[in-house]
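Asks:
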Amino acid sequence: MTTTTHTVTFTINGEKKTFATRPDEKLLTLLRREGYRGTKYGCGQGTCGACTVLLDGRATYACLLYAMQAEGRKVRTIESVGTFDKPGEFQKELVAAGAVQCGYCIPGMVMSATALMETEEVFEDEIVKEYMDGNLCRCTGYEKIWVALRKTLDKQASAKPAAKKTAKGAKK
Amino acid sequence: MKLSEFIRPATLAEARKALRALGPKGMPLAGGTALHFMQGKTPVTAVDVTRLGLSYIRQKGNYFVIGAATPLSDIQRYRGPRWAMHEICRRISTHQIRNVSTIGGNIARVFPWADLPVVLLAMDARLVIYSGKEKEMTADEYFSAQPARLFRGGDLLTAVKIPVLKAHHGFGSVKVTRNAAAFSLATVAALLELKDGVIKAARVAAGSAIPFPQRLKPVEAALVGKEAVTAVFKEAAAAAGAAAKWVGGEGMSADYIRQLAEVSILDALERAAEFARGRAE
Ligand SMILES: Cc1cc2nc3c(=O)[nH]c(=O)nc-3n(C[C@H](O)[C@H](O)[C@H](O)COP(=O)(O)OP(=O)(O)OC[C@H]3O[C@@H](n4cnc5c(N)ncnc54)[C@H](O)[C@@H]3O)c2cc1C
Ligand code: FES
Ligand code: FES
Chain A
487 MTTTTHTVTF TINGEKKTFA TRPDEKLLTL LRREGYRGTK YGCGQGTCGA CTVLLDGRAT
547 YACLLYAMQA EGRKVRTIES VGTFDKPGEF QKELVAAGAV QCGYCIPGMV MSATALMETE
607 EVFEDEIVKE YMDGNLCRCT GYEKIWVALR KTLDKQASAK PAAKKTAKGA KK
Chain F
579 MKLSEFIRPA TLAEARKALR ALGPKGMPLA GGTALHFMQG KTPVTAVDVT RLGLSYIRQK
639 GNYFVIGAAT PLSDIQRYRG PRWAMHEICR RISTHQIRNV STIGGNIARV FPWADLPVVL
699 LAMDARLVIY SGKEKEMTAD EYFSAQPARL FRGGDLLTAV KIPVLKAHHG FGSVKVTRNA
759 AAFSLATVAA LLELKDGVIK AARVAAGSAI PFPQRLKPVE AALVGKEAVT AVFKEAAAAA
819 GAAAKWVGGE GMSADYIRQL AEVSILDALE RAAEFARGRA E
């Protein structure tokens, strides 16, 4: 039984909310308890990436973060990116490429890719690999996930005006 | 680590006061990524040190000053003149960990596999500690034993100062892993000062394959006064065997790890020399 003795307030998928919690509850546990079940529990120790959420726009493992650390911050989960009826661009490409097997890793993959697409303007392989290096997939061998991601990124890059095409965030 | 309470002080003085009052029942929390793995029987109060204005990187005179709560990903992205810290940061764990874990958390309590102590020892960094007022110490003093000893009384690490490399100074670091995000099998770093092709000064450090990060003084001694050429680097790297207690693991013998460290030192020295001769920024 969880005794909730504290509260934490943060913006979740654009909505400011206050949750009851306790000092050593992990953000992942809180999110899943509150119905944000798209965020998965895989290893619970910061190695698989299934629990990836965005904290102030940066990809983070929710299984390592104490919920109390999220106070005042902006948290985004997979629910903010797409739904079964209205999938996001990368999700559509994943389906088209047949890149999903068990699907457990996919929400985390999509969140890391979201951080990439919202932070960077140039999607060189090195940068893409850097953003995706914390997400493991035990089924697919990554090839089709990569193909789907490349397609999504190329589309996004060609939709942007050429003048903006200078790297701003991570450099090698 | 079990947490019984979680507090977010607004100032450094408040944080220290809280930690002093809590004694062993309190613990600073930065990214919290190491706290997750720490075994402690009694629950502690986490004192959040990420809201004290300690996340920044600035060039100040001859130093880059990095706030203790700066995440590794910010250090990886930062660019300054002759900046060399990004390479090792890129090699630590994964994107998600680098976004959260801080330079202070990596070096306030040093685990045997930590990468940053190795680099900071070679770079001759300085550490800034707040104990009511700020005091500085050299990396040699700071890493002479487990740094956690310095924080028991509630003091806090506030910044890491890294010398801006002068012309003819070069730095190189190498981290050997089984796969990209794995813990290090051996991490080595070298700082060289060259003059007319001759090594004027050298600092070489290692970690991960030994019980605690340390400088390799016999390697340094074998470099100073000699020409900065591969043959000299090879001979110096061979002095690493006697300079530290190499430890095997993960199916690898101590002797294998020592050899791995030696070739890594050679590589780091070559990189440092190339940097000193004028690397492409
Ligand atoms: C899956 C995984 C893989 C990793 N791989 C590597 C790796 O390959 N190489 C490597 O070097 N590291 C690695 N790390 C370690 C990671 O870098 C550390 O977890 C991190 O550096 C700790 O930083 P933090 O900000 O999360 O610290 P926290 O977990 O918040 O704190 C760590 C310790 O430092 C103390 N502390 C924090 N800030 C201060 C301060 N300002 N003053 C005094 N004390 C303080 C805390 O009380 C605690 O004892 C890995 C971690 C994980 C989870
Ligand atoms: S569940 Fe968080 S990284 Fe695996
Ligand atoms: S599809 Fe099963 S883990 Fe990736």
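Protein chains in written order, with the numbering used here: chain A, 487 to 658; chain F, 579 to 859.
Backbone N, C-alpha and C define an ideal beta-carbon position, used for all residues, glycine too.
(1) Does the CB of residue 603 of chain F have a neighbour CB from chain A at under 8 Å?
(2) When you compare the CB of residue 672 of chain F with every CB in chain A, is at least one pair closer than 8 Å?
(3) Which of the residues in the stretch 581-604 of chain F, read from start to end, lie with their CB under 8 Å from any CB of chain A?
(4) Is residue 786 of chain F buried or exposed, if buried means 16 or more other CB atoms sit within 10 Å of its CB?
(5) For the beta strand (DSSP E) that residue 584 of chain F lies in, which residues bound it at each end?
(6) List the residues of chain F whose Cβ lies closer than 9 Å to the Cβ of residue 617 of chain A, in chain order.
(7) Per DSSP, which one or two residues make a beta bridge with residue 751 of chain F?
(8) If you draw a straight line from the C-alpha of residue 497 of chain A to the C-alpha of residue 539 of chain A, how long is it?
(9) What's the gap between the Cα of residue 567 of chain A and the Cα of residue 695 of chain F?
(10) With respect to the beta strand (DSSP E) encompassing residue 626 of chain F, which residues constitute its N-terminal and C-terminal limits?
(11) Ligand 3 and residue 591 of chain A: does the residue's C-beta get closer than 7 Å to at least one heavy atom of that ligand?
(12) From which residue to which residue does the alpha helix (DSSP H) around residue 630 of chain A run?
(13) Along the stretch 538-550 of chain A, what residues have a CB closer than 7 Å to any CB found in chain F?
(14) Output the distance between the C-alpha atoms of residue 840 of chain F and residue 548 of chain A, rounded to the nearest integer angstrom.
(15) Less than 8 Å between CB atoms is the rule here; does residue 554 of chain A satisfy it with respect to chain F?
(16) Straight-line CA distance for residue 825 of chain F to residue 762 of chain F?
(17) Starting from the C-beta of residue 596 of chain F, find all residues in its chain whose C-beta is less than 7 Å away, skip the five residues before and the five after it, and write them out in chain order.
(18) Per the DSSP calculation, residue 644 of chain F is bridged to which residue(s)?
(19) Any idea what DSSP makes of residue 494 of chain A, helix, strand or coil?
(20) For residue 559 of chain F, would you say it is in contact with chain A, using Cβ-to-Cβ distances shorter than 8 Å as the test?
(21) Taking any Cβ of chain F, which residues in the stretch 503-524 of chain A have a Cβ under 7 Å from it, in chain order?
(22) Would you identify the three-state DSSP class for residue 611 of chain F, choosing helix, strand or coil?
(23) Who are the neighbours of residue 610 of chain A on chain F, taking C-beta pairs under 8 Å?
Replies: Put simply:
(1) The count along the second sequence starts at 1 and reaches residue 603 of chain F at position 25. No, residue 603 of chain F does not count as interfacial toward chain A.
(2) Numbered from its first residue, the second sequence carries residue 672 of chain F at position 94. Chain A contact via Cβ: present.
(3) 581, 582, 583, 584 and 586
(4) Here residue 786 of chain F is taken as the residue at index 208 of the second sequence, counted from 1. Burial call: buried.
(5) Numbered from its first residue, the second sequence carries residue 584 of chain F at position 6. It spans 581-585 - the beta strand (DSSP E) in which residue 584 of chain F sits, taken as one unbroken run.
(6) The residue you call residue 617 of chain A lines up with position 131 of the first sequence. Those are 673, listed as they occur along chain F.
(7) In the second sequence, the residue the question calls residue 751 of chain F occupies position 173. For residue 751 of chain F, which the question treats as bridged, DSSP gives the partners F/767.
(8) Along the first sequence, one-based indexing puts residue 497 of chain A at 11. Along the first sequence, one-based indexing puts residue 539 of chain A at 53. Cα to Cα, residue 497 of chain A sits roughly 13 Å from residue 539 of chain A.
(9) Taking the first sequence and counting its residues from 1, the one referred to as residue 567 of chain A is at position 81. Taking the second sequence and counting its residues from 1, the one referred to as residue 695 of chain F is at position 117. Using only the alpha carbons, I get a separation of about 39 Å.
(10) Residue mapping note: residue 626 of chain F aligns to position 48 of the second sequence, counting from 1. Residue 626 of chain F -> beta strand (DSSP E) spans 622-626.
(11) The residue you call residue 591 of chain A lines up with position 105 of the first sequence. Checking every heavy atom of ligand 3 against the Cβ of residue 591 of chain A, one is found closer than 7 Å.
(12) Translated into the one-based positions of the first sequence, residue 630 of chain A becomes position 144. Taken as a continuous stretch (DSSP letters only), the alpha helix (DSSP H) holding residue 630 of chain A covers 629-645.
(13) 538, 544, 545, 546, 547 and 550
(14) For this step, residue 840 of chain F is matched to residue 262 along the second sequence. For this step, residue 548 of chain A is matched to residue 62 along the first sequence. Roughly 39 Å separates the two Cα atoms.
(15) The residue you call residue 554 of chain A lines up with position 68 of the first sequence. Closer than 8 Å: yes.
(16) Start at 1 with the first residue of the second sequence, and residue 825 of chain F comes out as number 247. Start at 1 with the first residue of the second sequence, and residue 762 of chain F comes out as number 184. Approximately 13 Å between the Cα atoms of the pair.
(17) For the purposes of this step, residue 596 of chain F is taken as residue 18 along the second sequence, with counting starting at 1. Hits under 7 Å: 585, 587, 604 and 625.
(18) Against the second sequence, residue 644 of chain F aligns to sequence position 66. DSSP output for residue 644 of chain F lists F/635 and F/738 as bridge partner(s).
(19) Residue numbering aside, residue 494 of chain A sits at position 8 when the first sequence is read from its first letter. DSSP places residue 494 of chain A in strand when its eight states are reduced to three.
(20) Chain F is shown only over 579 to 859; residue 559 of chain F falls outside these bounds and no answer can be derived.
(21) 509 and 510
(22) In the second sequence, residue 611 of chain F corresponds to position 33, counting from 1. In the structure shown, residue 611 of chain F sits in coil (DSSP, three-state: anything other than H, G, I, E or B).
(23) Taking the first sequence and counting its residues from 1, the one referred to as residue 610 of chain A is at position 124. Correct list: empty, because the minimum Cβ distance to chain F is about 14 Å.
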